[in-house]
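Trainee: Mind having a look at this structure? Questions to follow.
Protein chains: 2
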Amino acid sequence: MAAGPQGPRLLVLGLLLCVLGLSVSQGRKLLLVPLDGSHWLSMHGVIRQLHQRGHDLVVLASVASVYITEGAFYTLKRYPAPFKREDLEASFISLGRAVFENQPFLQRVVKTYKKVKKDSALLLSICSHLLHNKELMTSLAEGNFDAVLTDPFLPCGPIVAQYLALPAVFSNALPCSLDFQGTQCPNPLSYVPRLLSFNTDGMTFLQRVENTLVALLENFLCSAVYSPYASLASEVLQKDVTVQDLLSSASIWLLRSDFVKNYPRPIMPNIVFIGGINCASQNPLSREFEAYINASGEHGIVVFSLGSMVSEIPEKKAMQIADALGTIPQTVLWRYTGPRPSNLAKNTILVKWLPQNDLLGHPMTRAFITHSGSHGIYEGICNGVPMVMMPLFADQMDNAKRMETRGAGVTLNVLEMTSEDLANALKTVISDKSYKENIMRLSSLHKDRPVEPLDLAVFWVEFVMRHKGAKHLRPAAHDLNWYQYHSLDVIGFLLAVVLGVVFIVCKCCVFGYRKCFGKKERAKKSHKSKVQ
Amino acid sequence: MAAGPQGPRLLVLGLLLCVLGLSVSQGRKLLLVPLDGSHWLSMHGVIRQLHQRGHDLVVLASVASVYITEGAFYTLKRYPAPFKREDLEASFISLGRAVFENQPFLQRVVKTYKKVKKDSALLLSICSHLLHNKELMTSLAEGNFDAVLTDPFLPCGPIVAQYLALPAVFSNALPCSLDFQGTQCPNPLSYVPRLLSFNTDGMTFLQRVENTLVALLENFLCSAVYSPYASLASEVLQKDVTVQDLLSSASIWLLRSDFVKNYPRPIMPNIVFIGGINCASQNPLSREFEAYINASGEHGIVVFSLGSMVSEIPEKKAMQIADALGTIPQTVLWRYTGPRPSNLAKNTILVKWLPQNDLLGHPMTRAFITHSGSHGIYEGICNGVPMVMMPLFADQMDNAKRMETRGAGVTLNVLEMTSEDLANALKTVISDKSYKENIMRLSSLHKDRPVEPLDLAVFWVEFVMRHKGAKHLRPAAHDLNWYQYHSLDVIGFLLAVVLGVVFIVCKCCVFGYRKCFGKKERAKKSHKSKVQ
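These protein sequences, in sequence, are chains B and C. Be aware that the first sequence starts at 39, since it is given in the numbering used here, and climbs by one per residue. Be aware that the second sequence starts at 39, since it is given in the numbering used here, and climbs by one per residue.
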């Protein structure tokens, strides 16, 4: 058949589409159920890439969402929430404030527990509102989605995926080793440090005891947050559902980790490590930041940010920090939205926002003051910048511990540190060459990989859409209960058999002995009695 | 500095080298310590690729080697052996013959044990000869190698690597779960079937008991083969070395497996799956084979090979097979070097060698009769060809079981099968469409991967050369003994503490009770006695 006069034009258009990677025929439909806050921000790279590859993305978010807003790469589907956006904002702000409250330990624990319970109830109520929104759920069921991409940190997405009978990709780790429970991944207590234990993988006997106790405790702590989701799921799905059922439903887990930041440990085939995914987007600096760097001279700059969730700190602490920053010759770019500390030195520039990864990638950047959130740590590693770490909450203490043990940074207790401590830490990581060498070594290991983490994440989301899940990666361990998994029934049975055999053999020996020697003994006795 | 008149020419040459990927400056030196036989043949793809990427490869082989010969991609370094090439050849031939001897079970076990012991002694003696060859070992020590790539199936290479203090990449799995012991990889008996147990990952209680017993037994069986290497290593390295020490020395393990052939299970970060690596080289068919296919008409062809190690079978069995092959309408291409069976039908063509992967890739290929070695299975999967499997030894029975449970083939017992069994099996896999559908589904899952297995293997070998190992992937479990690893000391300590606390609390209660009520009781008693 002749191509007709439009043939060459269509051919060129086809080639153009191929070159752009916009294979329209492969476009599939993905439902995103993200978690508000920094977790949502960290999904942007994957979302953009999936959109560019021709997929149709629908993002579910409540009207109270703070960070999840309209975007060019997806359709935002809002649903009503049982409270206002301001309530959620207040919750985020109070989270940031709480970490700077220097209270006695027990008071702190009680307050944290109350806050976690209050916030969880708030977020659970949004989830309940979503799942009971018949109209929305029906429209989603008719949406012909191929898969769900969700953050299981609060397992609302997994319930939505099960309700819609869609395969799910989970895009984050969970506390209390729930992610490893969900994947049936062995988690040896002897060398895998539990989060918040602040141990490394080389533990003394007492540290291993502590690690075991933390593991026992965390089950109780997480149960308070996660078990209400199991009840909600049971009600919505009209069958008995456990937290384990919800978490084991993932086809693929995308974890923001690797074995440069974390310690090597057992993994499962459906766990994909995408640590460092946020380093992918590196852009040229704006004129403003370029000018700051140029003005910093030979000493270069220090980048300072406590993450997207904490941009204000108490005035006294801010002044203490400002004092320390004034003692170093570098220019400090500090992301800070609070009132300007009165003692701020000339070398310190306050900014409402900073292009963290782009600044860290500049050769004049000498150090990075960070709250050691997973993203910041990876941006430090990717760009090979030594760190001064001020962990605030969640996994940040453990992240800091990992970097410190590798000689790539110094950790400070933000509540207890003095101005001098911070100044000394900064001078140490900048002047002691070993910090730069160590972070550069980590950087070269981290970046030496067969596939970029962003490509890996996109590949596996597409894989799940293409194959309607990844059943071939689901271990049969999910079909066993705990004593079967640990072979306790088999061990019991084999022990019973061995003991049974030993018992029968002993009985036979005794019987045989009596048969053989019993007569003689009786004969002897009767002989004796006759003699007497 | 000016470039001088030769500048442009050098520039062009440099660009040319870059385009060809022959970055001379990146060329490193790799020492290969392979195992003779089919294991060596399976390394060819990686070797060729490493050579093309500008690395300098030196292959160590004894003068008695059968399969390891001079090659264009490497320098062969021969060393004397304590026996002749003919002895090794005889050993290979007898291995092929032994599998067709239909003897009573016990006689078979004793014979196999004797053969394994004799062959291991033979191969151990080559290793000992190599390690005691002072001149050769000195020249290797002076060879400035960056790493060792070795097949640890018989752990001579690991000893060489330790002697030369070089990082090692292990290129094969091991029997008796020694590979998982070597990597400290959890290996739950409850759903990870042991080799030679012929179980799947979904086991009944009795199958799990069997799996546990096989695991207990295999330790004893493998100890006979592997412990002499520990003694040899201890002598050569002049320190106490265990088999575990030798196997845990690998930086990276390249395993010819994936989760399409094998069942999902825990893995470790330094295990890289390269199953299907042999499918990479697909070439056009020669005129001879193209002619066979063209002559086969609409029915197409069946490819039949029992692997590189078994090319002859007893006459009676060959005639039985020939009989069955004559009953199908397809043309059968049979790799067979033995005498032509007198009853060979017209549709069956005997060939001394066949381009297995290329033939399986032809759309007219209807079925594949294979001994279900790992390579054959992967070529069947890659090309989506249903299989009739006649496992002979080693992991072949388990490979066949895996394919059979996935509905991609039929397994036959080569000793017990009748001519009719084979004919029926062939007709089934060709006419029952489910076999084709299942193998095509497996094929699409297997081939849908972010990196090709050959590229992955090359990447990790180069990674180890670049970074002088992969220490960041070595789990801290290697530094624990068995009871520490399983936290038995911690559990014992915590139990002791709990029991101690319970004991003290009980004692206190008893003491308190006596203090409070003892007097009253005594008073009561004395009152009673007075009354009496």
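The C-beta atom is built at its ideal place from N, Cα and C for all residues, glycine as well. All values derive from a computational prediction rather than experimental measurement.
1. Under 8 Å, with one C-beta from each stretch per pair, do the stretch 472-484 of chain B and the stretch 469-483 of chain C reach the 3-pair mark?
2. Would you say B:Leu368 and B:Ile339 are within 8 Å of each other, going by their C-beta atoms?
3. What residues in the stretch 294-310 of chain C have a beta carbon less than 8 Å from any beta carbon of chain B?
4. Is B:Thr443 helix, strand or coil by DSSP?
5. Would you mind giving the Cβ-Cβ distance between B:Gly345 and B:Gly411, rounded to the nearest angstrom? I have them listed as a contact below 8 Å.
6. For a test of the three-state rule: what should DSSP assign to C:Ser158, helix, strand or coil?
7. Assuming B:Met306 and B:Cys223 make a contact with CB atoms under 8 Å, what is their CB distance in whole Å?
8. At the level of alpha carbons, what is the spacing between C:Val548 and C:Val539?
9. Between C:Asp184, C:Asp74, C:His516, which lies nearest to B:Val230 when the distance is taken from Cα to Cα?
10. Smallest Cα separation from C:Pro424: which of C:Thr449, C:Asp436, C:Asp433?
11. For the putative contact between B:Val341 and B:Leu398, defined by C-beta atoms under 8 Å, what is the C-beta separation to the nearest angstrom?
12. Between B:Pro142, B:Asn225, B:Ala463, B:Ala102, which has its C-alpha nearest B:Leu160's C-alpha?
13. With a threshold of 8 Å on Cβ separation, who are the neighbours of C:Ala318 within its own chain once the five nearest residues in sequence on each side are excluded?
14. Here's the rule I'm using: 16 or more other beta-carbon atoms within 10 Å means buried, otherwise exposed. How should B:Met39 be labelled?
15. Along the chain, where does the beta strand (DSSP E) containing B:Trp291 start, and where does it finish?
16. What are the start and end residues of the beta strand (DSSP E) that includes C:Leu430?
17. Report the partner residues of B:Tyr117 according to the DSSP bridge assignment.
18. Against B:Leu511, what residues of chain C qualify as contacts under a CB-to-CB distance less than 9 Å, listed in chain order?
19. Give the range of the beta strand (DSSP E) segment to which B:Lys122 is assigned.
20. Just checking: is the beta-carbon of C:Ser525 within a distance shorter than 8 Å of some beta-carbon in chain B?
21. Enumerated in chain order, which unbroken segments of the beta strand (DSSP E) with a length of 3 residues or greater are wholly contained in the stretch 235-323 of chain C?
22. Taking 8 Å as the threshold (beta carbon to beta carbon), is C:Ile290 in contact with chain B?
23. Which class does B:Asp527 belong to by DSSP, given the choice of helix, strand or coil?
24. Can you give me the Cβ contacts of B:Leu483 inside the same chain, cut-off strictly under 8 Å, excluding the 5 residues immediately before and after it?
25. Under 8 Å Cβ-Cβ, which residues of chain B neighbour C:Arg504?
26. Candidates B:Ala405, B:Gln434, B:Asn437, B:Met503: which alpha carbon is nearest B:Lys465's?
27. How close, in whole Å, do the beta carbons of B:Tyr212 and B:Phe236 come, if the pair is a contact with beta carbons under 8 Å?
28. Output yes if chain C places a C-beta closer than 8 Å to the C-beta of B:Ala514; else output no.
29. For C:Ser228, which residues in chain B fall below 8 Å Cβ to Cβ?
30. Can you pull the chain C neighbours of B:Arg91, defined as C-beta to C-beta under 9 Å?
31. Are the CB atoms of C:Arg232 and C:Glu256 nearer to each other than 8 Å?
32. Report the residue ranges of all alpha helix (DSSP H) runs contained in full by the stretch 488-543 of chain C; include only those spanning at least 4 residues, in chain order.
33. State buried or exposed for B:Ala438, treating a residue as buried only when at least 16 other CB atoms are found within 10 Å of its CB.
34. For my contact list, B:Leu494 and B:Val310 are in at a C-beta cut-off of 8 Å; report their separation, rounded to the angstrom.
35. Only counting the same chain, and skipping five residues up and downstream in sequence, which positions put a Cβ closer than 6 Å to that of C:Pro379?
36. Which word fits C:Thr403, buried or exposed, when buried means at least 16 other C-beta atoms lie within 10 angstroms of its C-beta?
Mentor: The short version:
1. no
2. For the purposes of this step, residue 368 of chain B is taken as residue 330 along the first sequence, with counting starting at 1. For the purposes of this step, residue 339 of chain B is taken as residue 301 along the first sequence, with counting starting at 1. The question names Leu, but residue 368 of chain B is Gln in the sequence shown. A contact, by the Cβ cut-off of 8 Å.
3. Phe297, Val298, Tyr301, Pro302, Arg303, Pro304, Ile305, Met306, Pro307, Asn308
4. Here residue 443 of chain B refers to the residue found at position 405 of the first sequence. Helix.
5. For this step, residue 345 of chain B is matched to residue 307 along the first sequence. For this step, residue 411 of chain B is matched to residue 373 along the first sequence. Right, the Cβ-Cβ distance comes to about 5 Å (below 8 Å), so this counts as a contact.
6. One-based indexing of the second sequence puts residue 158 of chain C at position 120. In the structure shown, C:Ser158 sits in a helix (DSSP, three-state: H, G or I).
7. For the purposes of this step, residue 306 of chain B is taken as residue 268 along the first sequence, with counting starting at 1. For the purposes of this step, residue 223 of chain B is taken as residue 185 along the first sequence, with counting starting at 1. Contact flag correct, Cβ pair sits at about 5 Å.
8. Here residue 548 of chain C corresponds to residue number 510 of the second sequence, with the count starting at 1. Here residue 539 of chain C corresponds to residue number 501 of the second sequence, with the count starting at 1. Approximately 14 Å between the Cα atoms of the pair.
9. Translated into positions along the first sequence, residue 230 of chain B becomes position 192. Taking only the C-alpha atoms, the option nearest B:Val230 is C:His516.
10. If you number the second sequence from 1, residue 424 of chain C lands on position 386. The shortest C-alpha separation from C:Pro424 is found at C:Thr449.
11. In the first sequence, the residue the question calls residue 341 of chain B occupies position 303. In the first sequence, the residue the question calls residue 398 of chain B occupies position 360. Between B:Leu398 and B:Val341 the Cβ distance is about 6 Å, and since that is below 8 Å, they are a contact.
12. Start at 1 with the first residue of the first sequence, and residue 160 of chain B comes out as number 122. When only C-alpha atoms are compared, the closest one is B:Ala102.
13. As a position in the second sequence, residue 318 of chain C is number 280, starting the count at 1. Once the five neighbours on either side are set aside, the close Cβ partners of C:Ala318 are Gly83, Glu490, Pro491, Leu492.
14. By 1-based counting over the first sequence, the position of residue 39 of chain B is 1. With a pLDDT of only 38 at B:Met39, under 50, the local geometry of the prediction cannot be trusted, and the value read off the model is given with reservation. Flag for B:Met39 reads exposed.
15. For this step, residue 291 of chain B is matched to residue 253 along the first sequence. Note, B:Trp291: beta strand (DSSP E), 288-293.
16. Here residue 430 of chain C is taken as the residue at index 392 of the second sequence, counted from 1. It is not in any beta strand (DSSP E) - C:Leu430 carries neither H nor E in the DSSP assignment.
17. Translated into positions along the first sequence, residue 117 of chain B becomes position 79. Paired residues: B:Ser100.
18. Reading the first sequence from its first residue, position 473 is the one you call residue 511 of chain B. The answer, in chain order, is Phe297, Pro302.
19. As a first step, residue 122 of chain B must be located in the first sequence, where it is residue number 84. First-last for B:Lys122: undefined, no H or E at that position.
20. Indexing the second sequence from 1 puts residue 525 of chain C at position 487. Judged by the 8 Å Cβ criterion, C:Ser525 is in contact with chain B.
21. 288-293, 309-311
22. Here residue 290 of chain C is taken as the residue at index 252 of the second sequence, counted from 1. Not closer than 8 Å to any Cβ of chain B, the Cβ of C:Ile290 fails to qualify, so no.
23. Here residue 527 of chain B refers to the residue found at position 489 of the first sequence. B:Asp527 falls in the helix class under three-state DSSP.
24. By 1-based counting over the first sequence, the position of residue 483 of chain B is 445. Contacts found: Val298.
25. Here residue 504 of chain C corresponds to residue number 466 of the second sequence, with the count starting at 1. Asp486, listed in chain order.
26. In the first sequence, the residue the question calls residue 465 of chain B occupies position 427. Cα-wise, what sits closest to B:Lys465 is B:Ala405.
27. Residue numbering aside, residue 212 of chain B sits at position 174 when the first sequence is read from its first letter. Residue numbering aside, residue 236 of chain B sits at position 198 when the first sequence is read from its first letter. Rather than Tyr, the amino acid found at residue 212 of chain B in this sequence is Leu. Not confirmed; about 19 Å, so no contact.
28. Residue mapping note: residue 514 of chain B aligns to position 476 of the first sequence, counting from 1. Cβ-Cβ to chain C under 8 Å: yes for B:Ala514.
29. The residue given as residue 228 of chain C occupies position 190 in the second sequence. Result: Ala515, Leu518, Gln522, Tyr523, His524, Ser525, Val528.
30. If you number the first sequence from 1, residue 91 of chain B lands on position 53. Simply none; closest approach about 14 Å.
31. Taking the second sequence and counting its residues from 1, one reaches residue 232 of chain C at position 194. Taking the second sequence and counting its residues from 1, one reaches residue 256 of chain C at position 218. For C:Arg232 and C:Glu256, yes; Cβs fall inside 8 Å.
32. 491-505, 520-523
33. Counting from 1 along the first sequence, the entry for residue 438 of chain B is found at position 400. Looking at its Cβ environment, which holds 16 or more other Cβ atoms inside 10 Å, B:Ala438 is buried.
34. Along the first sequence, one-based indexing puts residue 494 of chain B at 456. Along the first sequence, one-based indexing puts residue 310 of chain B at 272. About 6 Å; that satisfies the 8 Å criterion.
35. On the second sequence, residue 379 of chain C is found 341 positions in, with the first residue counted as 1. Same-chain partners within the cutoff: Ala356, Met357, Ala360.
36. In the second sequence, counting from the first residue as 1, residue 403 of chain C sits at position 365. It counts as buried.
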